[in-house]
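Structure, as structure tokens:
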Ligand code: AHG
Ligand code: MN
Ligand code: MN
Ligand code: MN
């Protein structure tokens, strides 16, 4: 039984990872244990329902979106290693400690449409090194490949922390003493899969290559892919990505012709990049159907992006179909 508190110092030393980065990860993990306590109690902790406010994404906020956001901000502002933070639920970045070496970007509650119906939700986080100089929005606009680490907490049947500091992926499970205990090291996403995840109700709005791809999968073993594919859609990215990390699959949230000014629904900085780093560290792949996700130069904190990630064969196939179109 190795707790996160026991694991981290060893892991940092083994790979010459700065202690400050470990501290930031520990701060996020501790905040998520507190968020977990609220999620677990649901109606009993008064966290369900709408907040009555909106966010910069144009979404109506759930109470738990706001509560989880406030808890993460408070925890990160108390960590001297955090220079600043950015959140799906905040209009602009929030400055913290001028001498801190790291920036933390997060989706405090992912899958918030699921919270009132007691389906898995999560928290997603990305840690970037703070560049030299005064903190501004530009400080945050670093490629996904520049991340020092990333991860998520899944508030599911079990509460699990999954993270990478770019030396493999580690899975911890919250025990009865509210400690994260190491339960899996270096899960690998198989290159081949027979499972996909997409919101099929949007099919008529997708671009032609995405329609073609899904049609090919649905054609089954007599179709061009020669396999019978299964489908899953939880509507919590954290849950889908965790399933794919555990048993393979491909997750997509493509661009949509209803509003071509938006490249996609999901957010590059809070959702796509941190999950892409986990996928890359686990032998999977991630992109926007055109290029590798981790190579995209961000232009805005709340930038949206098309997402295709998971088993490498499928990500490559989707990307090829888009390149041929
Ligand atoms: P969030 O709750 O943080 O706004 O993110 C929700 C995202 C993501 O978790 C999920 O994959 C997707 O929205 C679900 O979208 P649909 O409701 O369109 O299926
Ligand atoms: Mn949201
Ligand atoms: Mn989300
Ligand atoms: Mn969210």
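Numbering (the UniProt record's numbering), first residue to last: 1 to 325. Even glycine gets a Cβ: it sits at the ideal position worked out from N, Cα and C. All values reported here derive from a predicted model rather than from experimental measurement.
{"query": "So residue 121 and residue 112 are in contact, right, with Cβ under 8 Å, and what is the actual spacing, rounded?", "result": "7 Å"}
{"query": "Report the option in 235, 273, 191 whose CA atom is closest to the CA atom of residue 247.", "result": "191"}
{"query": "Specify which residues have a beta carbon nearer than 6 Å to any heavy atom of ligand 3, listing them in chain order.", "result": "107, 110, 237, 271"}
{"query": "Starting from the C-beta of residue 232, find all residues in its chain whose C-beta is less than 6 Å away, skip the five residues before and the five after it, and write them out in chain order.", "result": "197"}
{"query": "Between the C-alpha atoms of residue 158 and residue 115, what's the straight-line distance to the nearest angstrom?", "result": "15 Å"}
{"query": "Please name the residue, chosen from 66, 301, 245, that lies closest to residue 266 on a Cα-to-Cα basis.", "result": "301"}
{"query": "If we count Cβ pairs, one from each stretch, closer than 8 Å, do we get three or more for the stretch 173-182 versus the stretch 225-241?", "result": "no"}
{"query": "Any chance you could list the beta strand (DSSP E) runs of at least 3 consecutive residues sitting entirely within the stretch 203-254, in chain order?", "result": "250-253"}
{"query": "Is residue 122 helix, strand or coil by DSSP?", "result": "strand"}
{"query": "Within a Cβ cutoff of 7 Å, which residues of the same chain sit near residue 249, ignoring the five residues on either side of it in sequence?", "result": "193, 195, 196, 197, 243, 310, 311"}
{"query": "In three-state terms, what does DSSP make of residue 93?", "result": "coil"}
{"query": "With a threshold of 7 Å (Cβ to nearest heavy atom), would residue 282 be considered close to ligand 1?", "result": "no"}
{"query": "Tell me the residue span of the alpha helix (DSSP H) that contains residue 24.", "result": "19-41"}
{"query": "When the Cβ atoms of the stretch 137-152 are set against those of the stretch 206-216, are three or more pairs found closer than 8 Å?", "result": "no"}
{"query": "For residue 309, which residues does DSSP report across the bridge?", "result": "251, 286"}
{"query": "Which residues end up in the neighbourhood of ligand 2 when you take C-beta atoms closer than 7 Å to any of its heavy atoms?", "result": "55, 57, 59, 65, 88, 112"}
{"query": "With distances taken from CA atoms, which of 293, 161, 19 is nearest residue 316?", "result": "293"}
{"query": "May I ask you to list the residues that DSSP assigns as paired with residue 292?", "result": "287"}
{"query": "Opposite residue 149 in the DSSP bridges: which residues?", "result": "127"}
{"query": "Report whether the distance from the Cβ of residue 199 to the nearest heavy atom of ligand 1 is below 7 Å.", "result": "yes"}
{"query": "Span of the beta strand (DSSP E) holding residue 87?", "result": "82-87"}
{"query": "What separation, rounded to the nearest whole angstrom, lies between the Cα atoms of residue 322 and residue 7?", "result": "42 Å"}
{"query": "Could you tell me whether the stretch 157-173 touches the stretch 210-230, using the rule of 3 or more Cβ pairs below 8 Å?", "result": "no"}
{"query": "Apart from the five residues on each side of it in sequence, which residues of its chain come closer than 7 Å, Cβ to Cβ, to residue 297?", "result": "143"}
{"query": "Buried or exposed: where does residue 325 fall if 16 or more other Cβ atoms within 10 Å of its Cβ makes it buried?", "result": "exposed"}
{"query": "To which residues does DSSP link residue 110 through a beta bridge?", "result": "122"}
{"query": "Please classify residue 58: is it buried, with 16 or more other beta-carbons within 10 angstroms of its beta-carbon, or exposed?", "result": "exposed"}
{"query": "Apply the 10 Å Cβ neighbour rule to residue 128 and answer buried if 16 or more other Cβ atoms are within range, or exposed otherwise.", "result": "buried"}
{"query": "Which residues bound the beta strand (DSSP E) around residue 169?", "result": "169-174"}
{"query": "Within the continuous alpha helix (DSSP H) that includes residue 71, where are the two ends?", "result": "63-77"}
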